[in-house]
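Have a look at the structure below, then the notes.
Residue numbers (this note's numbering): 103 to 588.
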């Protein structure tokens with residue numbers, strides 16, 4: 103990320119940090135004096151002006167192509183897109199200050215995408231896979247046009263498209279490893295912040311739910327800065343996966359980032375008790391281990407262990423399910439914590455509109471009103487059923503076609519790490535609708551990053567095999583270093 107950054111940019115960052123520290127000291131000294139309310143407001147505005155100018159300078163250079171500033175601002179944008187700093191009703195989708203901040207971040211992302219692709223489309227031969235996924239995200243936008251809440255659905259799908267284009271920008275311009283470390287840095291901020299609010303501000307950091315024994319109240323699971331236990335669990339699991347898969351490829355900064363991220367992500371994953379993410383991250387890491395070398399022997403070991411596990415489960419099903427459940431009731435596992443009832447309703451409703459579905463994010467408005475379900479059953483709790491409900495067989499077919507094309511590209515590239523990332527989403531998608539369950543956030547950027555990592559490798563292979571690299575330098579406000587083939 104930040105490995106191999108230009109020294110002028112580093113000096114600028116150091117200067118900004120020094121100015122911030124100086125202003126912090128001055129502010130502390132000033133506020134120690136007896137001041138009227140008007141005086142305080144004037145001092146705050148005066149002190150904020152230079153900091154705002156520095157921020158604008160960093161953002162502008164990031165938008166115009168400076169790699170270090172582009173990476174630093176990307177961390178901020180992803181953090182803003184994922185973080186939740188207030189509590190409100192689940193079905194409240196009004197625009198408040200927090201939503202406005204997210205939209206502002208995506209506005210800057212849109213400008214960055216526009217500038218990058220205005221040059222890239224003339225200079226880089228984008229692979230076919232890029233356009234296949236572009237068709238899928240455009241199909242999401244079409245599905246939003248007949249959704250129950252048109253404005254909300256249209257906003258979600260357009261921002262999802264922005265996420266996709268931004269992920270391609272990060273992997274192709276900032277570099278693949280930079281994009282990975284950007285996601286890790288944002289995840290580190292979210293994990294550390296979530297641990298803080300979990301203990302310091304339980305009303306924000308601890309999940310509330312209804313239980314038969316105690317009624318509505320805190321249930322001990324972390325939701326942190328994401329608003330849901332499954333949300334912070336996903337972030338922690340994906341960050342762990344990135345840290346493990348790419349650790350050997352990182353430079354010094356990247357390895358230090360991974361070392362700092364792993365313990366905080368593990369803590370968040372355990373405190374969130376998000377079992378879908380736990381299973382998916384372990385299975386994905388094991389997949390990456392199996393397919394690196396000595397594949398036959400590892401597959402044999404995996405199959406053997408799997409058969410032993412099935413035999414033990416068949417012999418003691420109730421005891422094992424009771425041990426794995428949170429309540430001690432085996433039915434919690436056999437019903438997939440109530441998901442089987444949701445899946446049944448979703449399938450029955452989908453059969454009424456099998457081709458086109460009900461529109462993107464319509465599950466948020468339709469499922470909670472079904473008398474067979476409960477109020478917070480706001481999505482299908484299955485990625486494939488969510489797409490089926492939103493866009494019918496057509497949307498699901500487009501998605502699966504894009505996935506198959508991605509898998510074929512991964513096989514050609516022998517991209518084991520990207521295979522593990524994609525497997526993580528496909529496996530977790532059996533019990534979670536992420537990232538297609540509502541407003542875009544960290545999961546949306548994580549999914550599009552997974553796809554973009556494959557696209558960037560295809561583009562690099564084509565570029566360096568056919569055209570001299572010097573033809574692909576982008577002219578920006580700041581001179582750009584050439585990308586190396588590696």
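Quick reminder that beta carbons are idealized off the backbone N, C-alpha and C, glycines included. Computed from a predicted model, the values in this text were never measured in an experiment.
Reference residue i, options the options, closest by Cα
i	options	result
residue 458	245, 275, 414, 377	245
residue 495	508, 484, 452, 523	452
residue 327	384, 460, 302	302
residue 344	482, 533, 551	551
residue 533	406, 488, 254	488
residue 449	243, 180, 376, 484	484
residue 250	400, 515, 540, 330	540
residue 548	392, 342, 397	342
residue 261	223, 225, 179	179
residue 332	492, 486, 307	307
residue 445	456, 408, 486, 416	486
residue 276	176, 416, 205, 294	176
residue 265	546, 563, 561	546
residue 562	228, 357, 514	228
residue 356	374, 290, 441, 375	290
residue 380	158, 515, 526, 538	526
residue 492	205, 247, 223	247
residue 360	409, 385, 288	288
Contact set for residue i: own chain, Cβ-Cβ below 7 Å, skip 5 residues either direction
i	result
residue 580	Since pLDDT at residue 580 reaches only 40, below the 50 mark, its modelled position is unreliable, and no value is offered.
residue 504	234, 235, 238
residue 517	556, 559
residue 218	271, 275
residue 497	241, 245, 459, 489
residue 403	none
residue 519	347, 348, 390
residue 588	Reliability of the predicted coordinates at residue 588 is poor, the pLDDT of 38 falling under 50, and the value obtained from them is presented with this limitation in mind. Excluding sequence neighbours, residue 588 sits near nothing in its chain.
residue 298	none
residue 591	The structure shown has nothing for residue 591, since the chain only spans 103 to 588.
Own chain residues within Cβ distance below 6 Å of residue i, not counting five before or after
i	result
residue 578	Because residue 578 carries a pLDDT of 37, less than 50, the predicted location of this residue cannot be relied on, and the following value inherits that uncertainty. 166, 167.
residue 568	In this prediction, residue 568 scores a pLDDT of 46, lower than 50, which makes its location untrustworthy; the coordinate-derived value is nonetheless stated afterwards. Around residue 568: no qualifying Cβ.
residue 243	259
residue 530	378, 382
residue 263	239
residue 586	Confidence in residue 586 is poor, its pLDDT being 43 and thus under 50, which makes the residue's placement too unreliable to answer from.
residue 537	545, 546, 549
Cutoff 8 Å; reference residue i; Cβ partners in own chain excluding five residues on either side
i	result
residue 570	Note that residue 570 scores 44 on pLDDT, short of 50, meaning its location in the model is unreliable; the coordinates nonetheless yield the value given after this. If we look at residue 570 and ignore the five residues flanking it on each side, it has no Cβ neighbours.
residue 509	521, 524
residue 573	Confidence is the limiting factor: at residue 573 the pLDDT is only 37, short of 50, which leaves the residue's position unreliable and the question unanswerable from this model.
residue 554	266, 269, 270, 272, 273, 274, 281
residue 187	200, 306, 327
residue 441	483, 484, 533
Cβ-Cβ separation, residue j to residue i (assumed contact under 8 Å), whole Å
i	j	result
residue 389	residue 286	Their Cβ separation, rounded to whole angstroms, is 20 Å, which puts residue 389 and residue 286 out of contact at 8 Å.
residue 480	residue 470	5 Å
residue 161	residue 210	6 Å
residue 595	residue 443	The chain is shown only over 103 to 588; residue 595 falls outside these bounds and no answer can be derived.
Short Cβ contact (7 Å threshold) for residue i with residue j
i	j	result
residue 348	residue 324	no
residue 544	residue 184	yes
residue 511	residue 556	yes
residue 296	residue 334	yes
residue 500	residue 241	yes
residue 202	residue 182	no
residue 346	residue 387	yes
residue 400	residue 412	no
residue 231	residue 507	yes
residue 482	residue 535	yes
residue 173	residue 294	no
residue 279	residue 330	no
Distance cut-off 6 Å: residue i Cβ against heavy atoms of the ligand ADP
i	result
residue 326	In the structure on display, the ligand ADP does not appear, and there are no ligands present to speak of.
> Below 8 Å, can you find three or more Cβ-Cβ pairs linking the region 358-371 to the region 330-344?
Replying inline: yes
> Between the region 459-471 and the region 252-267, do three or more beta carbon pairs fall short of 8 Å?
Replying inline: yes
> Is there contact here, the region 262-281 with the region 211-226, by at least three beta-carbon pairs under 8 Å?
Replying inline: yes
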